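All residue numbers for the sequence shown refer to the working numbering, where the first residue is 2 and numbers rise by one.
Yeah, the Cβ is synthetic: ideal placement off N, Cα and C, and Gly gets one too.
None of the values given here were measured: they were computed from a predicted structure.
Structure, as structure tokens:
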Amino acid sequence: MDELLNQLADKFNYWAYFVIMMTGIYAMIAKRNIMKKLIGLGIFQTSIMLFYVAMGSKKGATIPILASGHAPISPVDYINPLPHVLMLTAIVVSVATLGVALALSQRLYRKYGTLEENEILDQIRRS
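Right, here's the structure in full:
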């Protein structure tokens, strides 16, 4: 039992990312308001980015930049920059996705007067 608790405590940040991710998925699935779904999407995307950045970090490691006169360092002692670079790209994509989704939701609100999914679908079925 103590070993299990130690493992949970050691990986607490990953469990926190998982809980945040599930909160975002719940908001996207369970909520009927489009704005709440977009907030859930933002929460989900942020948790994924935090997870990847945490996976790419390494205690005691250095950045992979070679300077002249620098003592040789083993490749094991470097931080892998790929997850961080991918998450920079993911941030740009998530901002663009959120911007397009907000523009579409504004258009829906202007046309139907609501952001409630059920009311919009009812108005579409009636017309």
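Comparing C-alpha positions only, which one of the options sits nearest to residue i?
i: proline 82; options: Ile40, Glu118, Tyr53; result: Tyr53
i: methionine 56; options: Val93, Met22, Leu105, Met88; result: Met88
i: isoleucine 26; options: Leu42, Ala17, Tyr18; result: Leu42
i: isoleucine 49; options: Ser75, Ala17, Ile74; result: Ala17
i: lysine 37; options: Lys112, Ala102, Arg111, Ser128; result: Ala102
Report the rounded CA-to-CA distance for residue i versus residue j, giving the unit in angstroms.
i: serine 1; j: methionine 22; result: Outside the shown range of the chain, which is 2 to 128, sits residue 1, and nothing can be said about it.
i: alanine 28; j: threonine 63; result: 38 Å
i: phenylalanine 45; j: alanine 91; result: 12 Å
i: leucine 6; j: threonine 47; result: 27 Å
i: glycine 61; j: valine 86; result: 20 Å
i: serine 58; j: isoleucine 80; result: 6 Å
i: glutamate 117; j: valine 93; result: 28 Å
If you follow the alpha helix (DSSP H) that residue i is part of, which residue opens it and which one closes it?
i: methionine 23; result: 13-31
> So does the stretch 116-124 actually touch the stretch 88-99, counting three or more Cβ pairs closer than 8 Å?
Replying inline: no
>> Quick check on the DSSP output: what are the complete alpha helix (DSSP H) runs of length 4 or more inside the stretch 48-127, in order along the chain?
In response: 83-113, 118-127
> For the 8 Å Cβ check, are there 3 or more pairs between the stretch 6-21 and the stretch 33-43?
Replying inline: no
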